[in-house]
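J.: The structure under discussion is supplied below as structure tokens; questions concerning it will follow.
In the working numbering, the protein residues as written are 718 to 867.
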């Protein structure tokens with residue numbers, strides 16, 4: 718009698734647990750699969766901006782194009798930076814770190830790594846680093862990359 722009761726209670730509970738586990742596993746795998754492609758897309762777009770910016774600045778094309786490309790690059794740095802703080806797979810982390818290292822090296826050589834904006838505090842202008850600059854400087858400190866301001 719006890720075995721029949723345990724069977725009638727245990728098997729449905731086991732079935733529900735297996736169902737919930739499968740749903741959780743499916744959701745987790747979907748999240749990681751979508752996150753990986755999302756991160757790679759932003760890194761690739763960021764690299765596009767970086768390479769286009771290099772060719773424009775070397776060829777001395779229009780300053781407006783350079784400004785637009787730099788702003789696009791800075792936006793990608795910020796978007797990808799959010800992915801670096803979230804637990805992700807090693808592939809995403811490696812992609813982001815390589816992208817940040819390339820960007821730091823470029824901005825260090827061509828200016829822009831230490832950009833600031835002015836904020837009024839108590840009637841005085843105070844220079845503060847722009848968000849993308851702070852992200853890159855923090856990354857450089859964590860990874861022991863020399864970025865001394867000249």
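Just so you know, even glycine gets a beta-carbon here, dropped at the ideal spot from N, CA and C.
All of these numbers come straight from a predicted model, not from anything done at the bench.
Please determine if the region 794–812 and the region 756–773 are in contact, where contact requires at least 3 C-beta pairs separated by less than 8 Å.
T.: Segments in contact, yes.
J.: How many whole angstroms separate the CB atoms of residue 817 and residue 793, which I take to be in contact at a CB cut-off of 8 Å?
T.: Contact doesn't hold; Cβ gap of about 11 Å is too wide.
J.: Got a sec? Which residues, its chain only, sit under 8 Å from residue 823 by beta carbon, not counting five neighbours each side?
T.: Closer than 8 Å at Cβ, skipping near neighbours: 767, 770, 771.
J.: Considering only DSSP beta bridges, list what residue 838 is partnered with.
T.: Answer by DSSP bridge pairing, in chain order: 841.
J.: Note down, in chain order, each residue of its chain lying with its Cβ closer than 7 Å to the Cβ of residue 802, except the 5 sequence neighbours on either side.
T.: Cβ within range, chain order: n/a, list empty.
J.: Can you grab the Cα-Cα spacing for the pair residue 749 / residue 799, in whole Å?
T.: Cα to Cα, the separation comes out at about 15 Å.
J.: Would you mind working out which of 719, 854, 723 sits nearest residue 814, comparing C-alpha positions?
T.: Out of 719, 854, 723, 854 has the C-alpha closest to the C-alpha of residue 814.
J.: If we ignore side chains and look at the alpha-carbon of each, how far apart do residue 836 and residue 764 end up?
T.: Distance between the alpha carbons of residue 836 and residue 764: 31 Å.
J.: Use the C-beta contact count for residue 746: other C-beta atoms within 10 angstroms, 16 or more gives buried, fewer gives exposed.
T.: The residue is exposed, with fewer than 16 neighbouring Cβ atoms inside 10 Å.
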